[in-house]
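J.:
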Amino acid sequence: MDTKDRECRIRRWFDMWLRREKPAIGAIFTPDCIYTESWGPEYRGSQAVGHWFREWNTRGRVIAWEIRRFTHTDDRSIVEWYFEDRMNDGRTERFDGVSVIEWRGERIAALKEYGCRIPHYDPYAEEAPETSETEKNWF
């Protein structure tokens with residue numbers, strides 16, 4: 069599969085979240101795929117990925133998932149992105165992220181997300197380092 073086709077499939081996955089579309093999981097992921105989120109949840113198999121997609125969308129809405137850059141190797145794609153959601157209880161999350169995607173044929177066999185909370189800050193801007201227990205617990 070060429071890089072243009074890979075990028076098209078990745079954009080389709082992101083767009084499904086933005087539009088809350090019925091997931092076409094089987095066209096994007098292998099049946100035995102593994103999807104790992106930044107903070108630890110791991111979904112094993114395309115059925116679990118589909119269940120997570122449907123269930124998550126009952127609790128919140130993806131407001132933005134903007135692709136910043138693609139990088140490809142023989143069997144991997146790396147996607148840099150910005151993400152924002154709004155949960156039904158009013159909470160919002162914003163973070164920059166990276167997905168490392170392993171391909172098997174034309175579908176995703178593994179996807180690992182890595183995130184970096186926004187806002188970014190310099191913990192040493194003052195004399196003593198600035199930390200927050202909430203921020204440390206996120207990842």
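Using my numbering, the first residue of the sequence shown is number 69, and each one after it goes up by one.
No residue lacks a Cβ here, since even glycine has one placed at the ideal position from N, Cα and C.
In this text, all values refer to a predicted model and were calculated from it rather than measured experimentally.
1) In chain order, what residues of the same chain have a beta carbon less than 7 Å from the beta carbon of Arg-172, not counting five sequence neighbours either side?
2) According to DSSP, is Ile-78 part of a helix, a strand, or is it coil?
3) DSSP puts Thr-104 in a beta bridge; with which residues?
4) Given a cut-off of 8 Å, decide if Ile-135 and Arg-154 are closer than it, judged by their beta-carbon atoms.
5) Cutting at 6 Å between CB atoms, please list the residues of its own chain near Thr-160, excluding the five before and the five after it.
6) DSSP on Thr-71, reduced to helix/strand/coil?
7) Given this structure, state the Cα-to-Cα distance separating Glu-152 from Asp-164, to the nearest angstrom.
8) Check the DSSP bridge columns for Met-155 and list the partner residues they point to.
9) Do Asp-143 and Glu-170 have their beta-carbon atoms positioned less than 8 Å apart in this structure?
10) Assuming Cys-101 and Ala-178 form a contact by the criterion Cβ under 8 Å, report the distance between their Cβ atoms to the nearest whole angstrom.
11) Looking at C-alpha atoms only, which residue of Ile-186, Ser-145, Pro-109 and Trp-120 is the closest neighbour of Lys-90?
12) My understanding is that Glu-240 touches Arg-137, with C-beta atoms under 8 Å, so please give their C-beta distance in whole angstroms.
T.: Short version:
1) Numbered from its first residue, the sequence shown carries residue 172 at position 104. Cβ neighbours of Arg-172 beyond the five flanking positions: Thr-98.
2) Counting from 1 along the sequence shown, the entry for residue 78 is found at position 10. In this structure, DSSP gives Ile-78 a helical state, which the three-state scheme calls helix.
3) Stepping through the sequence shown from its first residue, residue 104 is reached at position 36. Beta-bridge pairing links Thr-104 to Glu-110 and Lys-180.
4) Here residue 154 corresponds to residue number 86 of the sequence shown, with the count starting at 1. Here residue 135 corresponds to residue number 67 of the sequence shown, with the count starting at 1. No, the Cβ-Cβ distance between Arg-154 and Ile-135 is not below 8 Å.
5) Taking the sequence shown and counting its residues from 1, one reaches residue 160 at position 92. Taken in chain order, the residues that qualify are Arg-154.
6) Translated into the one-based positions of the sequence shown, residue 71 becomes position 3. In the three-state reduction of the DSSP assignment, Thr-71 falls in the helix class, which pools H, G and I.
7) Within the sequence shown, the letter at position 84 stands for residue 152. Within the sequence shown, the letter at position 96 stands for residue 164. When rounded, the distance between both Cα atoms is 9 Å.
8) Walking along the sequence shown from the start, residue 155 turns up at place 87. Per DSSP, Gly-128.
9) By 1-based counting over the sequence shown, the position of residue 170 is 102. By 1-based counting over the sequence shown, the position of residue 143 is 75. The answer is yes: Cβ separation under 8 Å.
10) In the sequence shown, the residue the question calls residue 101 occupies position 33. In the sequence shown, the residue the question calls residue 178 occupies position 110. Confirmed, Cβ separation roughly 6 Å.
11) Residue 90 sits at position 22 when you count from the first residue of the sequence shown. Closest by alpha carbon: Trp-120.
12) Residue numbering for the chain in the displayed model covers 69 to 207; residue 240 lies beyond these limits and cannot be assessed.
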